[in-house]
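Protein chains in written order, with my numbering: chain A, 20 to 450; chain B, 60 to 444.
Beta carbons: idealized from backbone N, C-alpha and C, even for Gly.
Report on one structure; see the data block that follows.
This is how it looks when you write it as structure tokens:
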């Protein structure tokens with residue numbers, strides 16, 4: 020017994036001693052790290068400017084949205100390094116919308132009410148934007164939205180730096196009609212953007228002598244596309260144009276299985292509006308080579324602003340990363356917001372809203388201007404996927420194209436426009 | 060004729076994807092009665108294993124690179140089986156006969172696994188490995204050395220747990236400055252698995268129909284798995300033991316069958332098959348933390364429709380669901396009845412992919428009203444257990 024007792028004592032004693040030593044060393048490292056943190060921040064927390072970043076960091080949309088977050092953080096870092104806004108550092112507060120639309124609304128409320136941010140950069144899918152729209156409208160707050168979308172919306176509380184349909188979809192359809200054929204099959208994910216986009220395309224085709232031979236929608240995230248491929252072949256036995264507004268994971272399944280079924284780009288060229296450099300990398304360029312995409316910006320755009328942007332991005336996140344259109348739009352919207360705040364001289368929401376209109380910026384994708392309808396004018400380009408996963412720019416507009424949020428091909432919105440600089444006109448008025 | 064072959068082939072190929080994904084669950088849920096909501100995540104682990112094996116083979120270049128898929132099948136099986144074994148030993152073992160708790164616990168495990176894939180980096184892996192080494196190593200060491208183990212067990216855990224956590228957290232903290240270690244292995248972004256060159260393209264049957272090699276590969280893989288499982292369960296000694304335990308646990312135990320080992324083995328087998336399914340689906344779609352979520356509902360559907368505890372039922376259910384999904388979604392059904400004025404508008408209305416899903420669900424619900432226990436319900440005394 021005495022032997023056991025001594026052994027017990029030894030075990031307990033030594034583990035106890037070891038534990039206390041470890042705890043002590045742990046505690047000391049903790050205090051030392053917090054000490055260095057405090058000195059490096061220099062107490063700037065107190066007079067920083069808080070902005071919200073609201074994207075899906077998890078779920079099916081994380082594939083795309085995390086890259087936009089990277090671009091926004093890059094812009095914020097650059098601005099902070101150059102002295103911040105109004106002499107204050109920007110403090111980004113990240114929230115995860117989790118690819119779940121009600122979560123977006125919840126997190127938006129949290130950012131505005133609890134964190135008291137002065138603006139929010141966020142959202143990707145139209146469904147998430149529609150979910151947060153009532154929050155921003157009722158609180159009269161401000162959202163900057165970086166992704167191309169279907170239009171048919173013009174909120175005083177949102178600034179849209181992605182393309183309106185006339186800056187992406189319409190030029191793409193025109194280009195296809197001219198170069199690739201008249202018969203169109205429309206494929207999309209089953210939510211608001213593809214459905215509205217396809218309504219626009221159908222009216223445009225009807226007006227310009229094209230033909231919609233079929234359309235189909237896959238639930239977001241679904242990977243079984245065999246039925247669609249059968250339909251596609253039945254509708255376009257001799258080949259034709261496929262207009263693709265699939266979003267997220269379904270794209271991978273779609274292109275992998277298209278190739279398996281023997282549908283090649285020379286006979287069935289696919290024009291995508293949600294596939295950029297980042298997505299090409301994840302799908303694999305061997306499946307996408309020869310297909311097309313329509314955007315305002317590609318990494319291969321040749322301009323000094325773009326060289327700087329690409330270089331800075333790669334330096335921060337690694338040589339193997341690529342830049343794309345939504346990332347560029349996200350990057351420039353932070354700068355546009357900064358310019359608006361500096362022009363207003365305050366972060367007061369109404370003043371910034373007024374000052375934002377008319378802001379010009381030499382963006383990586385060319386000159387952009389914030390218009391009175393809260394969208395920006397920008398250049399449109401069509402690119403063809405090449406072997407290295409980047410795009411060859413095969414066509415571009417001569418200069419920036421003005422945004423038209425209310426679509427002129429759709430009967431319900433024909434003849435309407437949006438102008439927030441004039442209180443008489445507002446979000447939707449008859450021209 | 061060509062349309063018929065095409066319809067048949069596509070139905071079978073959709074069904075085979077469902078079947079290979081559901082095969083593991085047919086064993087885990089069907090034979091053991093464990094509602095494993097983490098089954099989808101085991102599929103995902105298999106898909107990620109395929110991705111890792113692909114990257115290992117990449118520097119070798121052709122023709123070796125083309126063989127990665129062959130290597131990744133057993134690798135995915137082993138990884139998923141080990142994950143399943145850990146899951147069984149740590150969670151499921153404690154919850155046999157309590158389906159509701161199992162459901163919640165495995166759902167929690169699925170969340171943990173999804174987040175693990177997103178945030179795993181070398182640092183996290185080292186910390187977890189260190190913790191396991193310290194904690195479980197210490198436990199087993201003391202278990203051997205101490206004769207009064209049962210008495211001091213709780214005290215030892217009470218001491219060892221905080222100590223191991225502290226040490227691993229400390230090590231993690233010390234190394235957190237190293238950028239290479241804190242870089243996520245996979246991150247939340249999806250990764251690409253590109254099929255090897257010999258699986259791209261397909262056999263051209265007619266001008267407009269080509270049988271993709273990938274689909275053929277999956278069908279063959281499914282058949283091989285089916286034959287393997289059938290052989291294992293019905294012809295091998297272990298299969299006999301598994302069947303004995305699932306039919307009457309107490310009696311088997313009395314006759315000297317190590318039921319706990321059999322449980323662990325069965326669960327590992329089911330998980331391993333999920334891993335193989337992951338390898339197959341990585342060829343079709345994308346590989347990401349949520350890959351498993353796309354399949355979990357379908358797999359349960361197959362097992363429930365097929366009748367719990369019945370492989371033949373699962374096969375017929377998978378092929379049936381696949382064929383219906385295809386016929387409705389592709390508009391073939393609408394084409395067949397295009398002459399009928401009453402049916403045609405309705406059928407063309409439902410012939411979109413989203414509506415096809417709804418219709419298949421509706422069909423399954425009405426089917427289960429007629430046969431609540433599925434196609435082939437278990438009969439006899441075992442059914443009452």
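- Within the region 70-96 of chain B, the residues whose Cβ lies closer than 8 Å to some Cβ of chain A are 72, 73 and 76, listed in chain order.
- Going by beta carbons, residue 268 of chain A and residue 347 of chain B fall inside the 8 Å limit.
- Residues of chain A with a Cβ closer than 9 Å to the Cβ of residue 134 of chain B do not exist, since the nearest Cβ in that chain sits about 21 Å away.
- DSSP places residue 401 of chain A within a strand segment (E or B) once states are collapsed to three.
- Taking a C-beta distance under 8 Å as the contact criterion, residue 296 of chain A and residue 342 of chain A qualify as a contact pair.
- Chain A places no beta carbon closer than 8 Å to that of residue 212 of chain B, leaving this residue out of the contacts.
- Residue environment analysis places residue 380 of chain B among the buried positions, since at least 16 neighbouring C-beta atoms fall within 10 angstroms of its C-beta.
- In the same chain as residue 351 of chain B, and ignoring 5 residues on each side of it, the C-beta atoms closer than 6 Å to its own belong to 99, 100, 102 and 103, in chain order.
- The closest CA to that of residue 407 of chain A, considering only A:301, A:397 and A:361, is found on A:301.
- Residue 408 of chain B counts as exposed, since fewer than 16 other beta carbons sit within 10 angstroms of its beta carbon.
- Using a 10 angstroms sphere on the CB of residue 401 of chain B, the tally of other CB atoms stays under 16, which defines it as exposed.
- Within the same chain, 127, 130, 131 and 134 come within 7 Å of residue 112 of chain B by CB-CB distance, once the 5 residues on both sides are set aside.
- With 16 or more other Cβ atoms from the protein chains shown falling within 10 Å of its own Cβ, residue 114 of chain A counts as buried.
- Residues of the same chain with a CB within less than 6 Å of the CB of residue 265 of chain B, apart from the 5 flanking positions on each side, are 61 in chain order.
- Around the beta carbon of residue 192 of chain B, fewer than 16 other beta carbons lie within 10 angstroms, which makes this residue exposed.
- With contacts defined by Cβ atoms closer than 8 Å, residue 317 of chain A and residue 400 of chain A form a contacting pair.
- Here residue 245 of chain A is not near residue 375 of chain B, since their CB atoms are 8 Å or more apart.
- Remark: C-beta atoms of residue 68 of chain A and residue 107 of chain A approach each other more closely than 8 Å.
- As the crow flies, the alpha-carbon of residue 389 of chain B is around 41 Å from that of residue 324 of chain B.
- Contact annotation: residue 426 of chain A and residue 171 of chain A have beta-carbon atoms nearer than 8 Å.
- For residue 302 of chain A, there is no enclosing beta strand (DSSP E); the residue is found in the alpha helix (DSSP H) stretching over 296-302.
- Under the 8 Å criterion on CB atoms, residue 65 of chain B is classed as interfacial with respect to chain A.
- The alpha helix (DSSP H) runs lying completely inside the region 303-339 of chain B and spanning 4 residues or more are 308-313, given in chain order.
- In this structure, DSSP gives residue 293 of chain A a state outside helix and strand, which the three-state scheme calls coil.
- Taking residue 336 of chain A as the centre and dropping the five residues before and after it, the same chain places the C-beta of 89 closer than 7 Å to its C-beta, in chain order.
- In this structure, DSSP gives residue 105 of chain B a helical state, which the three-state scheme calls helix.
- For residue 73 of chain A, no Cβ of chain B is located within less than 8 Å of the residue's own Cβ.
- Under DSSP, residue 285 of chain A takes part in no beta bridge, so it has no partner.
- For the C-beta of residue 236 of chain A, the chain B residues within less than 7 Å are, from N- to C-terminus, 411, 412 and 413.
- DSSP, reduced to helix, strand and coil, places residue 191 of chain B within a helical segment of the structure shown.
- Listed in chain order, the alpha helix (DSSP H) elements of length 4 or more contained wholly in the region 339-413 of chain A are 344-363 and 368-375.
- Comparing alpha-carbon positions, the option among B:180, B:204 and B:362 lying closest to residue 244 of chain B turns out to be B:180.
- Residue range 370-388 is occupied by the alpha helix (DSSP H) that includes residue 384 of chain B.
- A Cβ-Cβ separation of about 7 Å places residue 332 of chain B in contact with residue 86 of chain B under the 8 Å criterion.
- The C-beta of residue 177 of chain B comes closer than 8 Å to at least one C-beta of chain A.
- Below the 7 Å Cβ cutoff, chain A contributes 238 as neighbours of residue 416 of chain B, in chain order.
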